[in-house]
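Engineer:
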Amino acid sequence: MGSGKSTSTRWLAQRLAAQGIEARIQVERQYPHPLRATDFAADWFKPWLDMTAEELANRRLALWRKFVEEAQGSEAVHVVDGQLFHGDLTNMFLMNMPPEAIAQNVQALARIIRPMCPLLVYFYQSDVDRAIRLTAAERGDELGVRYQVDWKLNYAYAVDRGLEGLDGLSSLYVDYRRLTDRLFEELTIDKIALENSGRDWATYHARIEDALGF
Numbered sequence: 001m002g003s004g005k006s007t008s009t010r011w012l013a014q015r016l017a018a019q020g021i022e023a024r025i026q027v028e029r030q031y032p033h034p035l036r037a038t039d040f041a042a043d044w045f046k047p048w049l050d051m052t053a054e055e056l057a058n059r060r061l062a063l064w065r066k067f068v069e070e071a072q073g074s075e076a077v078h079v080v081d082g083q084l085f086h087g088d089l090t091n092m093f094l095m096n097m098p099p100e101a102i103a104q105n106v107q108a109l110a111r112i113i114r115p116m117c118p119l120l121v122y123f124y125q126s127d128v129d130r131a132i133r134l135t136a137a138e139r140g141d142e143l144g145v146r147y148q149v150d151w152k153l154n155y156a157y158a159v160d161r162g163l164e165g166l167d168g169l170s171s172l173y174v175d176y177r178r179l180t181d182r183l184f185e186e187l188t189i190d191k192i193a194l195e196n197s198g199r200d201w202a203t204y205h206a207r208i209e210d211a212l213g214f
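Residues in the sequence shown are numbered from 1 upward in steps of one, following the UniProt record's numbering.
1. What does DSSP give as the partner residues of Ala137 in its beta bridges?
2. Output needed for Leu187: all residues of its chain with C-beta closer than 6 Å, excluding positions within five of it in sequence on either side, in chain order.
3. Measuring CB to CB, does Arg10 end up less than 9 Å from Val27?
4. Using 9 Å as the threshold, is the C-beta distance between Ala37 and Arg60 below it?
5. Can you give me the C-alpha to C-alpha distance between Gln83 and Leu63, rounded to a whole angstrom?
6. Just to confirm my understanding: we take Lys191, look at its own chain, exclude 5 residues before and 5 after, and list those with CB closer than 8 Å. What are they?
7. Out of Ser74, Glu138, Ile102, which has the shortest C-alpha to C-alpha gap to Phe85?
8. Could you check what DSSP says for Val128 in three-state terms: helix, strand or coil?
9. Output yes or no for whether 9 Å exceeds the beta carbon distance between Leu153 and Gly168.
10. Use the C-beta contact count for Asp81: other C-beta atoms within 10 angstroms, 16 or more gives buried, fewer gives exposed.
11. If we ignore side chains and look at the alpha-carbon of each, how far apart do residue 215 and Ala71 end up?
12. Does the beta-carbon distance from Phe67 to Pro34 come in below 9 Å?
13. Report the residue ranges of all alpha helix (DSSP H) runs contained in full by the stretch 147-182; include only those spanning at least 4 residues, in chain order.
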């Protein structure tokens, strides 16, 4: 939430184009998203009404297999906004899927995408609570707080732990970051982690360019 994923996705597509490389982007706010199984639920905000976390995990892998099969027929570079640790994985976490099962799903997904020679860019901020509160202040009560609270704190993970309000949302993201840190460390694909609380985007983007060999 507010980490710079979407902005960096668009920036990278522009940089690739400047290098004469065909780029196709999959932005987060694309609907239906070709890599997000939650989009096929009757109620996007309540996927548990249509599927279990395990069913969601399996559908997610099926979408990625289809995507990779089709992408391998093109020379284009695909820039995907946040769908490895975001989107369906967020819902799996919120639906109380055990961490080990989530980790197994991520490893299976990594095996699927490995033929594409992927680079994972992991944005994070050391102080999660501060990051959440800053984003909430910038986006305002309706978009920055109420929207997220009404959505994510109605899932089983938050309800079971009694998480409420902005404090509850912050606690949820602290737990989620603990999980994604572990998932990132366990992955063996090419990857870089960028602590971006300083908002020094020129430096962060330069590191991405270095990782891509620009």
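Glycine included, each C-beta is placed from N, C-alpha and C at the ideal position.
A quick note: this is a predicted structure, and the numbers were derived from the prediction, not measured.
Structural biologist: On the basis of the data shown:
1. Within the sequence shown, residue 137 is the residue found at index 137, counting from 1. None; Ala137 has no bridge partner.
2. Counted from its first residue, the sequence shown places residue 187 at position 187. These residues qualify, in order along the chain: Ala110.
3. As a first step, residue 10 is located in the sequence shown; it is residue number 10 there, counting from the start. As a first step, residue 27 is located in the sequence shown; it is residue number 27 there, counting from the start. In this structure, Val27 lies closer than 9 Å to Arg10 by Cβ.
4. Counting from one through the sequence shown, the residue named residue 37 turns up at place 37. Counting from one through the sequence shown, the residue named residue 60 turns up at place 60. Yes. Within cutoff.
5. For the purposes of this step, residue 83 is taken as the residue at position 83 of the sequence shown. For the purposes of this step, residue 63 is taken as the residue at position 63 of the sequence shown. Taking the straight line from one Cα to the other gives about 11 Å.
6. Here residue 191 refers to the residue found at position 191 when the sequence shown is read from its first residue. Once the five neighbours on either side are set aside, the close Cβ partners of Lys191 are Leu119, Leu120, Val121, Tyr122, Phe184.
7. The residue labelled residue 85 in the question sits at position 85 within the sequence shown. Scanning Ser74, Glu138, Ile102 for the CA closest to the CA of Phe85 turns up Ile102.
8. As a working mapping, residue 128 is identified with position 128 in the sequence shown. Three-state result, Val128: helix.
9. Counting from one through the sequence shown, the residue named residue 153 turns up at place 153. Counting from one through the sequence shown, the residue named residue 168 turns up at place 168. Yes; because the gap between Cβ atoms is below 9 Å, this pair is in contact.
10. On the sequence shown, residue 81 is found 81 positions in, with the first residue counted as 1. Under this definition Asp81 is a buried residue.
11. Because the chain in this structure spans residues 1 to 214, residue 215 falls outside the shown range and cannot be described.
12. As a first step, residue 67 must be located in the sequence shown, where it is residue number 67. As a first step, residue 34 must be located in the sequence shown, where it is residue number 34. Here Phe67 is near Pro34, since their CB atoms are less than 9 Å apart.
13. The DSSP assignment places complete alpha helix (DSSP H) segments of no fewer than 4 residues inside the stretch 147-182 at 147-152, 156-161, in order along the chain.
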